[in-house]
Each structure stands twice: as C-alpha cells, then as structure tokens.
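J.: The structure is given below, and queries will be raised subsequently.
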Amino acid sequence: MKTLASLVAGIIFGAGLTIGGMTDPARVRGFLDLFGDWDPTLAFVMGAALIVMAIAWRVVPGMARPLFDDDFHIPGKSELTPSLIGGAVLFGVGWGIAGLCPGPGFAALAIEPLSAAIFVVSMLVGMALLRLMEGKS
Amino acid sequence: MMLPGFPDAAPLDGLIGGALIGVAAAIMLLTLGRIAGVSGIAAKAFGLGGSGLNRMGAWAFVIGLPLGALAVLLARGGLEPSFAGPIPLVIAGLLVGFGTRLGSGCTSGHGVCGISRLSGRSIVATITFMAAGIATVAVMNALGLEVLS
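Residue numbers (my numbering), protein chains in the order written: chain A, 7 to 143; chain B, 1485 to 1633.
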C-alpha cells in the first residue's frame, strides 16, 4: 500500500507539473524573467498547490497517524543555516540557467528524453558531490 | 482562458496543474506522513541520502513522475517544450543537485510543502532560490546568452 501510494502521488505530481508548464523550460524561464517579458503562469501553479496543501496541513492535527504509516515524519520549521541559504542560491542559479528543477527534470524524461536525462544525471552527480564533500560515501 | 496583458500565460492550466501537485503532496502527507520533496526523494532512490521514505517508495514516486507526464503528453497529442543544450543542462544539473541537497529542498519541499505550513526556513529558502533564478535569467538576458533552442 505504501509503495502504491507513492506511485500514485508521483503520477499525479508528474501530470500536474506537465499541465502547469513546469516541464517547459521556456515557461519556467519566462516566469523568472521578471524584468523582461514576464509570464505569470507559474504563480498560478504555485498558488493552487499552496491552497490544496494548506488544507491538507489543517487535516493533520486531527489524525492520530497517517493512513499507511505509524507516525508523521515532518522536519523542523525554524532552523536557518548558512547551508540552507547557500544551497538555495546555487539551486536558484541552476534553475535559472536551464529552467528545470528536480521534479520536472524527471517528468521531462517522458517528453524530451535525451535533454532530460542529461539534466537528471548531472543533478545526481551534483548530489553525490555534496555527499562526498560532507564525508559520507 | 486568457490573462489580460499576458497573452502567453496559461492561467487555467497553471491552476489545474498546481492543484494536482497539491493533491499529490497531500497524498504523501496524509497516507505516509511524508513531505513530497522531490530532491530528497530522488536522493533516497539513488542511494544518495535524502528522505526518510523507504527506498521502494522513493523509486515508486520517481518513476511516477515521467508516467504522469506521459499521460498528459498522450492526452494532449504532443507538447512543444524547448530545452537548453547539453552544456547548460550539465551546468544547471550540477548546481541543482548540489544546491538542493545543501539547502535541504527544492521547489516542491520548500516551495509547496514548507510554505503551505508557514515554515520560516522554507519561506526564506524559496525567496532565496527564486531571487537567484530571477537574477540569473536577468544577467543572462543582459549578456545576450540564449540557452533554449
């Protein structure tokens, strides 16, 4: 059941990313082009996703546990570290260069396989590099 | 549906897509008690640390992403996205992979799941990566760097 729930969530997530235009780098870079020919579409994507999730968060306190797990596993909210900011800056620069973030990178494997694969493999290498630097193998 | 002043915008597709992303994240939260953060889940699937989700679940989610995209592709009878060339894709991929792990999340984990519960660190992270993305596109445009084909 747990694996099925993840699969269903992944499929709906991938469909949402594609319909919303997140898998189209031109659309994403258009949104980031605030000082040029701005395309507000992604603000609608973000807004709708936030509304649905805000409702979901309100359901959580009334549940003793998630449907298929023993406990909620929710990270802390307030810990602000230099890594958080530095990581966000590097991610943002990468996002701006190619107009792809992790979810759309995987989803785009079904749309433009070669380009998406180049991005996804490079992203995994980037993740591995950080892990090496942090001393975990 | 057209948005006055923005002929290229697709607000209705944006709302539908965003709502689906929200539903997917809600499924992860309410059935498994987990944050639907794609960078953390992907790291977990490929054995690079990341989410506390089990490995099978992480793989299932990651495989679901292109399946969902494929369904939309088939339903719409084709999409016409434009992607960057190999060199910018490699540079961007390295930065996105390294940065999302260092910053503990990306557009989904911080941007959607974090902000919707008013997590201070997610709000700061999202403002930061959006500002960095906006600055990057502005600088590239000023330099005349065209990356999309």
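Don't be surprised by glycine CBs; every beta carbon is placed ideally from N, CA and C.
Do the region 50-58 of chain A and the region 1550-1562 of chain B make contact, defined as three or more Cβ pairs closer than 8 angstroms?
T.: Counting Cβ pairs under 8 angstroms, fewer than three are found: no touch.
J.: Find the residues of chain B that neighbour Leu86 of chain A, judging by a C-beta separation of less than 8 angstroms, and give them in chain order.
T.: The answer, in chain order, is Gly1604, Arg1605 and Val1608.
J.: Of all the CB atoms in chain A, is at least one closer than 8 angstroms to the CB of Met1486 of chain B?
T.: Closer than 8 angstroms: no.
J.: Within the 8 angstroms Cβ cut-off, does Leu1627 of chain B reach chain A?
T.: False, the Cβ-Cβ gap to chain A never drops below 8 angstroms.
J.: Would you say Ala4 of chain A reaches chain B, if we count a Cβ-Cβ gap shorter than 8 angstroms as a contact?
T.: Given a span of 7 to 143 for chain A in the structure shown, any question on residue 4 of chain A remains unanswerable.
J.: Mind checking whether Leu1632 of chain B and Ala113 of chain A have CB atoms under 8 angstroms apart?
T.: Not in contact: Leu1632 of chain B and Ala113 of chain A (Cβ atoms no closer than 8 angstroms).
J.: Between which two residues does the alpha helix (DSSP H) holding Asn1538 of chain B run?
T.: Unbroken run through Asn1538 of chain B: none, as it is neither H nor E.
J.: Using the rule of at least 16 other Cβ atoms within 10 Å of the residue's Cβ for burial, across every protein chain shown, is Val1580 of chain B buried or exposed?
T.: Label assigned to Val1580 of chain B: buried.
J.: Examine the Cβ distances between the region 1567-1581 of chain B and the region 55-72 of chain A and report whether three or more of them are shorter than 8 angstroms.
T.: Because the criterion of three Cβ pairs below 8 angstroms is not met, the region 1567-1581 of chain B and the region 55-72 of chain A do not touch.
J.: Does the beta carbon of Gly1541 of chain B come closer than 8 angstroms to any beta carbon on chain A?
T.: Judged by the 8 angstroms Cβ criterion, Gly1541 of chain B is in contact with chain A.
J.: Would you mind working out which of A:Ile117, A:Leu40 and A:Pro81 sits nearest Phe1490 of chain B, comparing C-alpha positions?
T.: The candidate whose alpha carbon is nearest that of Phe1490 of chain B is A:Leu40.
J.: So does the region 1599-1606 of chain B actually touch the region 1535-1544 of chain B, counting three or more Cβ pairs closer than 8 angstroms?
T.: Cβ pair count under 8 angstroms is below three, so no.
J.: Taking 8 angstroms as the CB-CB limit, is Gly53 of chain A close to chain B?
T.: Chain B contact via Cβ: present.
J.: Which residues in chain A have a C-beta closer than 7 angstroms to the C-beta of Gly1561 of chain B? List them in chain order.
T.: Residues of chain A passing the Cβ test: none, with the nearest at roughly 13 angstroms.
J.: If Thr1620 of chain B and Ile91 of chain A are in contact, beta carbons under 8 angstroms, what's the gap, nearest whole angstrom?
T.: So it is not a contact: roughly 16 angstroms between Cβ atoms.
J.: Could you work out which residue in B:Met1614, B:Leu1554, B:Ile1525 and B:Pro1488 is closest to Phe97 of chain A when comparing CA atoms only?
T.: Answer by Cα proximity: B:Met1614.
J.: Name, in chain order, the residues that DSSP records as bridge partners for Ala123 of chain A.
T.: Bridge partners of Ala123 of chain A: none, in fact.
J.: Please say whether Phe78 of chain A and Gly1552 of chain B have beta carbons closer to each other than 8 angstroms?
T.: Not in contact: Gly1552 of chain B and Phe78 of chain A (Cβ atoms no closer than 8 angstroms).
J.: What is the rounded straight-line gap between the Cα of Val1635 of chain B and the Cα of Pro88 of chain A?
T.: Past the edges of chain B, shown from 1485 to 1633, lies residue 1635 of chain B, and the structure says nothing about it.
J.: Identify whether Met1551 of chain B lies in helix, strand or coil by the three-state DSSP scheme.
T.: Residue 1551 of chain B is actually Leu in this sequence, not Met. It is helical.
J.: Does Ala70 of chain A get closer than 8 angstroms to chain B when you measure Cβ to Cβ?
T.: False, the Cβ-Cβ gap to chain B never drops below 8 angstroms.
J.: Who pairs with Ala1509 of chain B in a beta bridge, going by DSSP?
T.: Paired residues: none, contrary to the question.
J.: Can you list, in chain order, the residues of its chain whose CB lies under 8 angstroms from that of Gly1534 of chain B, leaving out five sequence neighbours each side?
T.: Excluding positions up to five away in sequence, the list reads Ser1523, Gly1524, Ile1525, Ala1526, Ala1527, Lys1528, Ala1542 and Arg1585.
J.: According to DSSP, is Phe97 of chain A helix, strand or coil?
T.: It is helical.
J.: Along the alpha helix (DSSP H) that carries Thr1620 of chain B, what are the first and last residues, could you check?
T.: Unbroken alpha helix (DSSP H) run through Thr1620 of chain B: Gly1604 to Ala1626.
J.: Taking DSSP as the reference, what is the three-state secondary structure of Leu1632 of chain B?
T.: Strand.
J.: Along chain B, which residues have their Cβ under 7 angstroms away from the Cβ of Leu40 of chain A?
T.: Those are Ile1618, listed as they occur along chain B.
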